[in-house]
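Asks:
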DNA sequence: GCCTGTATCGTAAACGTTTGCAAAGCGGTT
DNA sequence: AACCGCTTTGCAAACGTTTACGATACAGGC
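Residue numbers (my numbering), protein chains in the order written: chain A, 7 to 361; chain B, 7 to 361.
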């Protein structure tokens, strides 16, 4: 197996200089069309592939885009990681860039890992997952002028930055309308304590849709538990469903919470959707597996990831360009966990004005 | 912000040559202890970090280890990817190596992606996931002498290669013993049609344990469906559980199958574990969420991944060393889906000799 | 006092690419 | 005939490392 061909080899074979060959391959306008064709042909038949290390050394660009994984955030709790990563990698590979993956070691902050990547120029750009409202990573990267795009908005005042987000507000408004049309008036939102940006948008979308109905019978309540605390989550669900004035429908901020509601309902002998309707968000695999099938939203993670890749490449190549943002609307997936509100049981301590 | 310090900067500041500084940092024995200390100190206070591109250019090693992700294999169906990747990345980072991730584009074979990585020397080593019995990736890489370690064994005749695998045989033997002690005699194995190596080992472990009991009442049957065909899977489960001589317990080759059984049982009004015991393998997050909690095995993916990282680094640094292999035993996690065999209902068409 | 060996350090080449600058060729103008 | 401008190509430096080899010094042995 011949050692991988280099520019010098091509140059010698063609009777040209290395510089000319390099420029021809790069499509430089200062090369005659004829020679460019000759070079291109010779390159393909020689199976030439540029040495990335050499190129990186002179251009100062690594040819890599980084993704950092906080162990805590993306652990067993992140079923969509596979989709996200494949979409990202695919989108980047099409542009000749590779995906570089960094885990956050135990006891280190994600920001410190990011700082290290930036300072050592290990990647030309970064993609950030799971942003929170005042995300320090976003603030720091924006301050550095380092190219990045966030999956999820932030609410940092006076700071515009590139992001792609799912339109959680629209989705939760749609969920409300679905439930309202089925007769549900008392709806609970299972939420989390952490200030993830998506929490705010989805909650606001739900509240806004409810307000638009201007129906005094409508009652929305929210219960929040720590994001990774399964026990607290289960306990809160138990309390919620055991109440005499329990809601007839509950929306989970994401599927994990909706599944917990399903489990809690089963534990208390409540039929879904007979006694209780449940709607989630994300469409994780378990949503299709657990009976009676969770009605939820498909966030199109793979497509989003590919779009993020494209946005990031633009940000890297045009650092001065204005920040690009993009909102994708999730698709409602109707399965078995939603149904008409139980007619015989209106909230005991409420006037029966919608009967 | 000062441009990242280089060897030349350090050399000038210390009144040494670049070569000496390089050697001192590398811990070469031909450097006096005193100067080494001086260099080390200067390097830390200057925040020196070697330029990977330059190093890669001269050493010919990229400083990256590759992981290729077939979209089909690791999609929504691979909930353990996050754990695996973080474990891998962590294990590699500790050794100064980074993880590089390649997705397999639609319409391309995984082998072609691997070939491309190897031929362009984009990575110094590869880790292979989801091996099958006669895995062409393993065969090709071994033929090339390219460093790699497989997560899962192969059954390629006369080919020893580095691998780390979970001891599925031991686990399924343990599952059998658990069920046998609870009185179960008729057990079904939900399996898949694809020749994944783990399928064989787990099935053999189950069969061997059953054989060891030498109990004529013991009956093991296997039903296999295509791995990614959810509909076929559900249909097969439905048929199995609807039979008058249905098994009293079923073991899923992995949690996805066990969950399908749980769902099928619920659909037919069978109580778990009252009427049917179910055991899975992998401990995916949904296993803890779905009622009554799936009894399964923890495959310790993160630890395995870290071990794979270590093995791969050894394989890269000592290409001539004999292939290293490692078997880790999964841990049984007892939850709610197993229980005593239903006493009142022995198989109708079978003698009641174990009553 | 000379030779040899050892410890320590410097010189310089090499890795493969990009790119500023010079050079060559050539047609057309004055 | 000299000059200019344009197109096309080559020269050479640079990116930051590693490493083979040579150089220097100093010690010990004769």
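In this text, a Cβ means the ideal position worked out from N, Cα and C, and glycines have one as well. Since the model is a prediction, treat every value here as computed from it, not as a measurement.
For the structure I just gave you, are there three or more beta carbon pairs, one from the segment 269 to 277 of chain B and one from the segment 311 to 324 of chain B, closer than 8 Å?
Replies: Too few Cβ pairs lie closer than 8 Å, so no.
Asks: Can you pull the chain A neighbours of residue 10(B), defined as C-beta to C-beta under 9 Å?
Replies: Within chain A, the residues near residue 10(B) are 125, 126, 127.
Asks: Following the continuous alpha helix (DSSP H) through residue 270(A), name the residue where it begins and the one where it ends.
Replies: Element bounds for residue 270(A): 261 to 273.
Asks: Spell out whether any CB of chain B is found under 9 Å from the CB atom of residue 334(A).
Replies: It does not: the Cβ of residue 334(A) has no partner Cβ on chain B nearer than 9 Å.
Asks: Which residues bound the beta strand (DSSP E) around residue 362(B)?
Replies: The structure shown does not extend to residue 362(B), since chain B spans only 7 to 361, so no value can be given for it.
Asks: Cutting at 8 Å between CB atoms, please list the residues of its own chain near residue 82(A), excluding the five before and the five after it.
Replies: Because the pLDDT of residue 82(A) is 47, which lies under 50, any placement of that residue in the model is unreliable, and the question is left without a value.
Asks: Pull the bridge partners of residue 322(B) from the DSSP assignment, please.
Replies: Answer by DSSP bridge pairing: none, since residue 322(B) is not bridged.
Asks: Using a Cβ-Cβ cutoff of less than 6 Å, which residues in the same chain neighbour residue 123(B) once the five nearest sequence positions on both sides are dropped?
Replies: Result list for residue 123(B): 72, 129, in chain order.
Asks: What number of angstroms, rounded off, separates the C-alpha of residue 195(A) from the C-alpha of residue 255(A)?
Replies: When rounded, the distance between both Cα atoms is 9 Å.
Asks: Excluding the 5 residues preceding and the 5 following residue 399(B) in the sequence, name in chain order all residues of the same chain whose CB lies nearer than 6 Å to its CB.
Replies: Because residue 399(B) is not part of the residues shown, which for chain B are 7 to 361, the question remains open.
Asks: Kindly indicate the opening and closing residues of the beta strand (DSSP E) around residue 154(B).
Replies: Per DSSP, residue 154(B) belongs to the beta strand (DSSP E) from 154 to 157.
Asks: 9 Å is my cut-off, CB to CB: does residue 104(A) come that close to chain B?
Replies: Closer than 9 Å: yes.
Asks: Counting only Cβ pairs nearer than 8 Å, list the residues of chain A close to residue 266(B).
Replies: Within 8 Å Cβ-Cβ: 295.
Asks: What first and last residue would you give for the alpha helix (DSSP H) that runs through residue 218(A)?
Replies: Segment 203 to 219, the alpha helix (DSSP H) holding residue 218(A).
Asks: Cα separation between residue 282(A) and residue 341(A)?
Replies: Those two C-alpha atoms are separated by around 14 Å.
Asks: Rounded to the nearest angstrom, what separates residue 260(B) and residue 286(B) at their Cα positions?
Replies: Near 5 Å, if we compare the C-alpha coordinates of residue 286(B) and residue 260(B).
Asks: For the segment 209 to 227 of chain A against the segment 184 to 199 of chain A, do three or more pairs of beta-carbon atoms, one drawn from each stretch, fall closer than 8 Å, so that the two count as touching?
Replies: Touching, per the Cβ criterion.
Asks: Which of the three DSSP states is assigned to residue 229(B) in this structure?
Replies: Of the three classes helix, strand and coil, the one that applies to residue 229(B) here is strand, per DSSP.
Asks: Are the segment 156 to 173 of chain B and the segment 316 to 331 of chain B touching, with three or more C-beta to C-beta distances below 8 Å?
Replies: Enough Cβ pairs lie closer than 8 Å, so yes.
Asks: Going by DSSP in three states, residue 178(B) sits in which element: helix, strand or coil?
Replies: If DSSP states are grouped into helix, strand and coil, residue 178(B) belongs with the helices.
Asks: Using a Cβ distance threshold of 8 Å, determine whether the segment 61 to 71 of chain B contacts the segment 34 to 42 of chain B, with at least three qualifying pairs required.
Replies: These segments do not touch.
Asks: Can residue 30(B) and residue 41(B) be called in contact, C-beta distance under 9 Å?
Replies: Yes, the pair counts as a contact, with Cβ atoms nearer than the cut-off.
Asks: Report the residue from 146(B), 278(B), 132(B), 178(B) whose alpha carbon sits nearest the alpha carbon of residue 322(B).
Replies: Among 146(B), 278(B), 132(B), 178(B), the Cα nearest to that of residue 322(B) is on 132(B).
Asks: Looking at the C-beta of residue 53(B), does it have a partner C-beta in chain A at a distance below 9 Å?
Replies: Yes, its Cβ sits closer than 9 Å to a Cβ of chain A.
Asks: Run through DSSP, which three-state label would residue 23(A) get?
Replies: Coil at residue 23(A), not helix or strand.
Asks: Use the C-beta contact count for residue 18(B): other C-beta atoms within 10 angstroms, 16 or more gives buried, fewer gives exposed.
Replies: By the 10 Å Cβ count, residue 18(B) comes out exposed.
Asks: Give the DSSP bridge partners of residue 34(B), in chain order.
Replies: Bridge partners of residue 34(B): none, in fact.
Asks: In the DSSP assignment, find the unbroken alpha helix (DSSP H) run with residue 282(B) in it and report its ends.
Replies: That residue, residue 282(B), is in no alpha helix (DSSP H); it is neither H nor E in DSSP.
Asks: Does residue 287(A) get closer than 9 Å to chain B when you measure Cβ to Cβ?
Replies: Chain B contact via Cβ: absent.
Asks: By how many angstroms is the C-alpha of residue 183(A) removed from the C-alpha of residue 241(A)?
Replies: Between residue 241(A) and residue 183(A), the C-alpha separation is close to 28 Å.
Asks: According to DSSP, which residues form a beta bridge with residue 197(A)?
Replies: In the DSSP output, where bridge partners are listed per residue, residue 197(A) has 230(A).
Asks: Can you name, in chain order, every residue of its own chain whose Cβ lies under 6 Å from the Cβ of residue 101(A), other than the five neighbours on each side?
Replies: Cβ neighbours of residue 101(A) beyond the five flanking positions: 319.
Asks: Taking the continuous beta strand (DSSP E) assigned at residue 332(A), which residues delimit it?
Replies: That run of the beta strand (DSSP E) goes 331 to 334.
Asks: By the 10 Å Cβ neighbour count, where 16 or more other Cβ atoms means buried, how is residue 352(B) classified, buried or exposed?
Replies: With a pLDDT of only 45 at residue 352(B), under 50, the local geometry of the prediction cannot be trusted, and the value read off the model is given with reservation. Answer is buried; the Cβ neighbour count reaches 16.
Asks: In whole angstroms, what separates the C-alpha of residue 175(B) from that of residue 97(B)?
Replies: Rounded to the nearest angstrom, the two C-alpha atoms are 27 Å apart.
Asks: Over the uninterrupted beta strand (DSSP E) stretch that includes residue 290(B), give me the two end residues.
Replies: Residue 290(B) -> no beta strand (DSSP E), and no H or E assigned at all.
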